[in-house]
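Report on the structure given below.
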Amino acid sequence: MKFLVFEYSSIYFQENIISEGFSMLREILYDLDVIDEYSVDYLINSKLSIDNLSKCRPITVNDNLNEWLRCNIKSYDYIIFIAPEDEHLQYEITKIIEDENIKKIASDSTTSDICSSKIKTYNNICDVLKIPTLKVEVDNICSDAISEFIDENKTCIIKPDDRTSSDFIYKIHSLTEFRKIIKLYKDEDIKVALLQKYIKGESISISAICSRDDSKIISINSQQITEQDDNKIAYNGCITPLNHPLKDEIIKTSKKIIKQIPGLYGFIGIDYIIDDNKIYMVEINSRFTTPFIVLSENCSENLMKIIIDYCIDDKWSSIKFKDNGEFYKGDIL
């Protein structure tokens with residue numbers, strides 16, 4: 001089988017900024033590099049390189065990714081990629097692959113569209129706990145509704161509807177603070193925001209592998225979340241896998257969510273906040289997420305081989321991790 005692998009930020013590389021995505025790409029390639037029956041090409045910016053690969057072949061692409069894909073992907077049997085939900089980037093790349101009728105180990109474009117919007121995701125999920133949420137059109141503010149929501153909940157979280165990770169997420173306590181963040185969102189061309197009740201709890205996620213007919217929850221992960229001086233909420237990394245006391249309920253909830261979004265495929269993540277043993281869904285990431293870096297390093301078998309066998313041939317190999325591990329953004333370089 002001939003694979004093409006790429007990660008968005010490793011193509012559109014910004015000087016001195018290396019994201020978790022580059023680390024995910026590296027771990028995917030390390031796994032694929034030792035599988036003799038696979039032929040693997042990967043796309044990367046000319047300013048970046050990945051050491052210690054013997055068989056995976058780099059192809060330099062510095063921009064115009066979509067054009068490159070349209071011209072070249074028919075040469076491959078399967079595409080494996082990572083792209084952010086921001087500005088529908090993941091959706092657009094998925095659509096190109098689907099329009100060219102190339103197989104991929106990634107979620108469907110319809111699913112990407114749903115998961116790219118936190119409010120669309122919420123609207124497509126039922127029978128699980130969700131955080132009380134108010135949708136806010138940044139250019140059409142309903143002050144009465146906003147004021148009532150903030151007064152009722154005292155402390156709120158404000159976040160963009162369609163951004164990746166913890167970008168532009170803030171804790172606020174008043175209408176004045178709300179207006180300050182809305183001004184920032186306008187400057188950043190963020191069109192839709194969400195106000196959510198602040199739930200002071202434990203931030204976790206799950207990592208799952210989804211086939212067309214089933215799913216396997218392979219780990220529960222801590223999320224290392226901090227609040228900065230300007231009330232900005234930041235994601236700093238993860239510890240995984242965890243032996244969580246609510247493991248069975250977390251797995252049950254995750255399976256229920258996955259069944260309601262049938263186009264989820266490959267490696268995905270779901271974020272939660274747990275408060276007083278209540279499991280609140282936060283969002284779905286329909287793509288590889290940061291815990292993959294740690295899980296791949298600590299898996300007793302080849303994690304990418306397990307993912308590919310399960311997704312393509314519906315063959316499942318039980319997963320064991322040698323230990324838990326941690327990843328922090330400061331570790332990337």
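Heads up: the sequence shown is residues 1 to 333, going by the numbering used here.
By construction, the Cβ of each residue, glycine as well, lies at the ideal position given by its N, Cα and C atoms.
CA-to-CA, the gap between residue 151 and residue 226 works out to about 25 Å.
In the structure shown, the three-state DSSP call for residue 200 is coil.
Under DSSP, residue 177 takes part in no beta bridge, so it has no partner. Taking a contact as a CB-CB distance under 8 Å, the pair residue 96 and residue 69 counts as one, their CB atoms being some 5 Å apart. Counting along the chain, the unbroken alpha helix (DSSP H) around residue 95 starts and ends at 89-99. Taken in chain order, the complete beta strand (DSSP E) segments of 3 residues or longer contained in the stretch 251-328 are 266-275, 278-285 and 325-328. Collapsing the DSSP output to three states places residue 76 in coil. Distances from the CA of residue 4 to each of 310, 286 and 80 were compared; the closest alpha carbon is that of 80.
Of the candidates 222, 232, 25 and 224, 25 places its Cα closest to the Cα of residue 58. Rounded to the nearest angstrom, the Cβ distance from residue 219 to residue 271 is 13 Å, too far for a contact under 8 Å.
With fewer than 16 other beta carbons inside 10 angstroms of its own, residue 1 counts as exposed.
Cβ neighbours of residue 181 within its own chain (closer than 7 Å, five residues either side excluded): 158, 170 and 172. Under the criterion of beta carbons closer than 8 Å, residue 168 and residue 209 do not qualify as touching, at roughly 30 Å.
Contact between the stretch 117-126 and the stretch 279-294 is present, with at least three C-beta pairs closer than 8 Å. Straight-line spacing of the CA atoms in residue 33 and residue 148 works out to 56 Å. In this structure residue 60 is in contact with residue 46, their Cβ atoms being roughly 5 Å apart against a cut-off of 8 Å. Residue state for residue 26 is assigned as helix, using DSSP reduced to three classes. The shortest CA-to-CA distance from residue 231 to any of 126, 314, 156 and 104 is the one to 156. If you draw a 10 Å sphere on the C-beta of residue 104, you find 16 or more other C-beta atoms in it, and that means buried.
The three-state secondary structure of residue 129, taken from DSSP, is strand.
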